[in-house]
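Visitor: Here it is, the structure in full.
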Amino acid sequence: MDKRPQSPDPWLRPQDAGVGSGARRSADRPGERHLDADWQLIVTRCLDGDSTAWTELVKAHHRRVYGLCYRFTGSPHDAEDLAQEVFLKIYGNLATFDVAKGSFQTWITTLTRNLLVDHFRRSKQQRVTDSMDAGWDESEERKIADRLSDPRPTPHEHAAQKELQKMVQAALTKVSPELREAVILRDLQDMDYKEIAQVLRIPEGTVKSRISRGRAELARLLQRNGRQVV
Numbered sequence: 001m002d003k004r005p006q007s008p009d010p011w012l013r014p015q016d017a018g019v020g021s022g023a024r025r026s027a028d029r030p031g032e033r034h035l036d037a038d039w040q041l042i043v044t045r046c047l048d049g050d051s052t053a054w055t056e057l058v059k060a061h062h063r064r065v066y067g068l069c070y071r072f073t074g075s076p077h078d079a080e081d082l083a084q085e086v087f088l089k090i091y092g093n094l095a096t097f098d099v100a101k102g103s104f105q106t107w108i109t110t111l112t113r114n115l116l117v118d119h120f121r122r123s124k125q126q127r128v129t130d131s132m133d134a135g136w137d138e139s140e141e142r143k144i145a146d147r148l149s150d151p152r153p154t155p156h157e158h159a160a161q162k163e164l165q166k167m168v169q170a171a172l173t174k175v176s177p178e179l180r181e182a183v184i185l186r187d188l189q190d191m192d193y194k195e196i197a198q199v200l201r202i203p204e205g206t207v208k209s210r211i212s213r214g215r216a217e218l219a220r221l222l223q224r225n226g227r228q229v230v
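Okay, so the sequence shown: first residue is 1 according to the UniProt record's numbering, each after it adds one.
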């Protein structure tokens, strides 16, 4: 008898997890505080019908999943709907997670990517290879922001940072999908080359090439908007 909760509740909306348009998030991601062995235990508890374990899983990974969906769509509403679909998919596939085959983070990122690919193929909006990451926290903003230089210091740093975030998001949506996903997984998700290769199912050498080309494409787009990439 399947003892899992009758539905994957509670569902956390972006605002409940501190995620949303312009929201600043902590660099300390809950989902990364657990060892993979811990996640194996939490998954086992979920399968045994422990709703508290499911709540912990959703809270820990909502930010990453929503962030991936938002980075691809650029729409908070679409990202929320897609993130909910992802958690339904995670819920239905918990029994397939095997810590011996990879980290829990990589497993969730792969599920998210696959759902996004299926969604956009169905809607025929564009050819996708896709996936994006997880939260856009202050440290992640700085990773790209640190590569941008503005010769004029401004007293309105907060407003400038928000403007830069919007510029980066707009530029990301114009980068070709296969390059975009590689840049996001590396620069915004902090995933290493091996993990990215596992998610995208391509050689590590191809991962490095896509990241390099994606960064160059993003740099060109940002330069057109008056930002100089260093």
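The C-beta atom is built at its ideal place from N, Cα and C for all residues, glycine as well.
CA-CA distance, residue 93 and residue 53?
Guide: Using only the alpha carbons, I get a separation of about 15 Å.
Visitor: Once DSSP output is grouped into helix, strand and coil, what is the label at residue 203?
Guide: In this structure, residue 203 counts as coil in the three-state DSSP scheme.
Visitor: Do you know offhand how far residue 200's Cα is from residue 161's?
Guide: If you take the alpha carbons of residue 200 and residue 161, they lie about 31 Å apart.
Visitor: For residue 220, does the count of other Cβ atoms within 10 angstroms reach 16, so buried, or fall short, so exposed?
Guide: It is exposed - the Cβ of residue 220 has fewer than 16 other Cβ atoms within 10 Å.
Visitor: Output the distance between the C-alpha atoms of residue 224 and residue 85, rounded to the nearest integer angstrom.
Guide: In a straight line, the C-alpha of residue 224 is about 36 Å away from that of residue 85.
Visitor: If you run the structure through DSSP and keep just helix, strand and coil, what is residue 214?
Guide: In the structure shown, residue 214 sits in a helix (DSSP, three-state: H, G or I).
Visitor: Mind checking which residues open and close the alpha helix (DSSP H) that includes residue 79?
Guide: 76-92 is the extent of the alpha helix (DSSP H) around residue 79.
Visitor: Give every residue of the same chain whose Cβ lies closer than 7 Å to the Cβ of residue 180, excluding the five residues on either side of it in the sequence, and list them in chain order.
Guide: Contacts found: 172, 214.
Visitor: With a cut-off of 8 Å on the beta carbons, I'd call residue 183 and residue 202 a contact; round off their distance for me.
Guide: Contact doesn't hold; Cβ gap of about 14 Å is too wide.
Visitor: Identify which residue in 90, 111, 81 has its Cα closest to the Cα of residue 47.
Guide: Of the listed residues, the one whose Cα sits closest to residue 47 is 90.
Visitor: Quick check on DSSP: helix, strand or coil for residue 165?
Guide: It is helical.
Visitor: Using the C-alpha atoms, what's the distance from residue 205 back to residue 62?
Guide: If you take the alpha carbons of residue 62 and residue 205, they lie about 30 Å apart.
Visitor: Helix, strand or coil for residue 43? Go by DSSP, reduced to three states.
Guide: Helix at residue 43.
Visitor: Kindly give me the distance between the Cβ atoms of residue 175 and residue 222, rounded to whole angstroms, as I take these residues to be in contact under 8 Å.
Guide: Residue 175 to residue 222, Cβ: 11 Å. No contact.
Visitor: Return the CA-CA distance between residue 98 and residue 167, expressed in angstroms with no decimal places.
Guide: One C-alpha to the other measures close to 39 Å.
Visitor: When the Cα atoms are used, what is the spatial distance from residue 207 to residue 100?
Guide: Their backbone Cα atoms lie some 23 Å apart in a straight line.
Visitor: Taking only three categories from DSSP, how would you classify residue 173?
Guide: The answer is coil: DSSP assigns residue 173 none of H, G, I, E or B.
Visitor: Between which two residues does the alpha helix (DSSP H) holding residue 55 run?
Guide: From DSSP, the alpha helix (DSSP H) with residue 55 extends over 51-73.
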